[in-house]
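J.:
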Amino acid sequence: MKELKHSAVKLLVVHCVACKPSRPFSVENLIACGEAKYGQCSYHYYVRTNGDIIPLLPESVQGVHARHFNYCSLGIVYEGGLNEKGESADTRTPAQKAALWSLLKELTEEYPDARIVGHNELPHVAKACPCFSCASEYFALQPENRV
Ligand SMILES: [Zn+2]
475 MKELKHSAVK LLVVHCVACK PSRPFSVENL IACGEAKYGQ CSYHYYVRTN GDIIPLLPES
535 VQGVHARHFN YCSLGIVYEG GLNEKGESAD TRTPAQKAAL WSLLKELTEE YPDARIVGHN
595 ELPHVAKACP CFSCASEYFA LQPENRV
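What follows is the structure, encoded as structure tokens:
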């Protein structure tokens, strides 16, 4: 795995795992998926529907979650992102919303220059991931708005 220097981290990229609420996606599945596709786990943190925050990769190594931006970002993924019809949807539970907020707040304290973005806000990403607007939901946590 490639090294990720603390000073290089400029983005906190939020993803959904793209599973239905009725089909829990285990930590083992998530890790196996990354290993099969990329030879390593893709993300740094996994936020389960019950609000559990599971650390996956150490912050000192690069993930494989955001093409062209892995060298300067951490990847945070929540369980869900599809409705029962299989369409992109914000399926976050209240516990997940709270956990995402506290995790991102902690990370912004650790990386004061880092901006929170949804995967779909990165250039040339034609995906709905993470199925909600990080720009508006995390407005108060962005570098220019922190107090
Ligand atoms: Zn994504």
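Using the numbering used here, read the sequence shown as starting at 475 and increasing by one per residue. Just so it is clear, CB atoms sit at the ideal spot from N, CA and C, and this is done for glycine as well. Owing to the predicted nature of the structure, the values given are computational and were not obtained by experimental measurement.
Taking the Cβ atom as the reference point for each residue, do Ala492 and Ile527 lie within a distance shorter than 7 Å?
T.: Result no, Cβ atoms of Ala492 and Ile527 do not sit closer than 7 Å.
J.: How is the alpha helix (DSSP H) around Leu574 delimited, first residue to last?
T.: Segment 568-584, the alpha helix (DSSP H) holding Leu574.
J.: Which word fits Arg622, buried or exposed, when buried means at least 16 other C-beta atoms lie within 10 angstroms of its C-beta?
T.: Because residue 622 is not part of the residues shown, which for the chain are 475 to 621, the question remains open.
J.: Pick out the complete beta strand (DSSP E) segments inside the stretch 535-566, 3 residues or longer, and give them in chain order.
T.: You should have 547-552.
J.: If we count Cβ pairs, one from each stretch, closer than 8 Å, do we get three or more for the stretch 499-518 versus the stretch 556-570?
T.: No, the stretch 499-518 does not touch the stretch 556-570.
J.: Hey, how far is the Cα of Val621 from the Cα of Tyr612?
T.: In a straight line, the C-alpha of Val621 is about 14 Å away from that of Tyr612.
J.: May I ask you to report which of helix, strand or coil DSSP gives Val491?
T.: Val491 falls in the coil class under three-state DSSP.
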